[in-house]
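A.B. asks:
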Amino acid sequence: MIQFKNLLAALLVALTTIAAEGQQTLAARLGYDAGAKLLIIHADDAGAAHSVNAATIAAFEGGGISSSSIMVPCPWFPEIAAYAAAHPGMDFGLHLTLTAEWEYYKWGGALPAAETPGLLGPGGYFYASVEEVVQHATPDEVEREIRAQVERALAFGIKPSHLDSHMGTLFATPEFFAAYLKVGREYGIPVFVPLRANDAASGAPPASAMPGVIPVDNLYMMNPGIAAEGWPSFYTGIAGKLQPGLNEIIVHLAHDNEEMQAVAAGHPDFGAAWRQRDYDVMVSGDFKKRLAENGIRLVTWRQIQQLEYPGKD
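Residue numbers (our numbering): 48 to 360.
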């Protein structure tokens, strides 16, 4: 994986100019001034738990987020799928999932276990880490599983606006990344590709001139180690320094209740309290005011999909 990340870094240098040229026209293509500051506020992990679904829906309806992505293999997928199908105007994509990281709250894939044995660990569940997926799964298994997740979402009436990758698993090897791009192109669904990762994630893949890939210029996400009282200033700080181009803030929402505390037991990072704080900031008047003061335009992946794949619902 380290060698792949080094290769990606080298390719990024070579492709930055190409990608930047495409980004210079994105705002204009969406009907904004060429130098507009575009922002997607994106909530990961819809479908993971009822608490996550409830917070995600409330944030959408309260104007706190502009986009979200759904974990198809998770236990609470049917609930969020029903909501997404009933609200086609909401910007829901798919959070393609190949890991199950919680200690006691697990899931497997959309395909029968016998068809993807390399993706499944003890008990028939997904592995907890990206490294284990890389060690055991084949690219063919990965491609078939993510394709099955797209098919299940479509069968439930979801019209995905984009694809992204839970825990970045699909960025872990060139073969996994190729499968990710391939499935997105075949279904006419844009794939999330960060041009420069400004958060804790590393090894972001390079931008590409291929159809369906409009890279995100700047990616932001809350970092482990920040004290609870620092949450509002972390996000308002992002609003204050946002640059022209396509930006994305990834948040993880839930209510800090008994259900979410049990789901995330032993995981303070991205756990129940973390997700409650993300939710509280996103729906707060102060954060929305800071976005407006800085001339930031909230956009969606659905708008990008309509540019890349005209006529696609």
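Here a beta-carbon is modelled for each residue, glycine too, at the ideal position from N, C-alpha and C.
Only a predicted model underlies this, so the values are computations on that prediction, with no experimental measurement involved.
1) Does the distance from the C-beta atom of H302 to that of W149 stay below 8 Å?
2) Tell me whether the beta-carbon of L143 lies closer than 8 Å to the beta-carbon of L228.
3) Rounded to the nearest angstrom, what separates V180 and R232 at their Cα positions?
4) When you compare the CB positions of W154 and Y172, do they come within less than 8 Å of one another, or not?
5) Quick one: using the 10 Å Cβ neighbour count with 16 as the cut-off for buried, is N100 buried or exposed?
6) Once you ignore the five residues that flank G165 on each side, which residues in its own chain have a CB closer than 6 Å to its CB?
7) Which residues does DSSP list as the beta-bridge partners of N265?
8) Inspect the CB distances between the region 348 to 357 and the region 190 to 210 and report whether three or more fall short of 8 Å.
9) Short of 7 Å in beta carbon distance, which residues of its chain neighbour T146, apart from the five on each side in sequence? Order them along the chain.
10) Considering S116, what are the terminal residues of the beta strand (DSSP E) in which it resides?
11) So which of I343, L345, A157 has the shortest CA-CA distance to M118?
12) Where Q353 and R76 are concerned, what is the direct C-alpha to C-alpha distance, given to the nearest angstrom?
13) For a minimum of 3 consecutive residues, which ranges assigned as the beta strand (DSSP E) are wholly contained in the region 136 to 174?
14) To the nearest angstrom, how far is the alpha carbon of G140 from that of M268?
15) Start and end of the beta strand (DSSP E) containing D80?
16) Are N341 and L289 close, meaning C-beta to C-beta below 8 Å?
17) Quick one: residues in its chain with C-beta nearer than 6 Å to the C-beta of Q71, no 5 flanking neighbours on either side, listed in chain order?
18) Rounded to a whole number of angstroms, what is the C-alpha to C-alpha distance between L86 and A339?
19) Please list the terminal residues of the continuous beta strand (DSSP E) segment that includes D211.
20) Can you give me the start and stop residues for the alpha helix (DSSP H) that L338 sits inside?
21) Give the straight-line distance between the Cα atoms of S331 and A128, rounded to the nearest whole angstrom.
22) When you compare each of W321, N294, E192 to M307 by their alpha carbons, which one comes out closest?
23) Around the C-beta of P357, are 16 or more other C-beta atoms found within 10 angstroms, so that it is buried, or is it exposed?
24) By the three-class DSSP mapping on this structure, what secondary structure does H89 have?
25) Given this structure, state the Cα-to-Cα distance separating F218 from I296, to the nearest angstrom.
26) Assuming P291 contacts G82 (C-beta within less than 8 Å), just tell me the rounded distance between them.
27) Which class does H97 belong to by DSSP, given the choice of helix, strand or coil?
28) Which value, in whole angstroms, describes the spacing of the CA atoms of A133 and T103?
C.D. replies: If we stick to the structure as given:
1) no
2) no
3) 24 Å
4) yes
5) buried
6) H183, A184, T185, E188
7) N294
8) yes
9) F173, Y174, A175, S176, V177, V180, H213, M214, T216
10) 114 to 117
11) A157
12) 11 Å
13) 139 to 143
14) 18 Å
15) Premise fails: D80 is in no beta strand (DSSP E) and is neither H nor E.
16) yes
17) At Q71 the pLDDT is 47, less than 50, meaning the model places this residue with poor confidence; the figure from the coordinates comes in the next sentence. Closer than 6 Å at the Cβ level, and outside the excluded window around Q71, lies no residue.
18) 12 Å
19) 210 to 212
20) 332 to 340
21) 26 Å
22) W321
23) exposed
24) strand
25) 18 Å
26) 4 Å
27) helix
28) 15 Å
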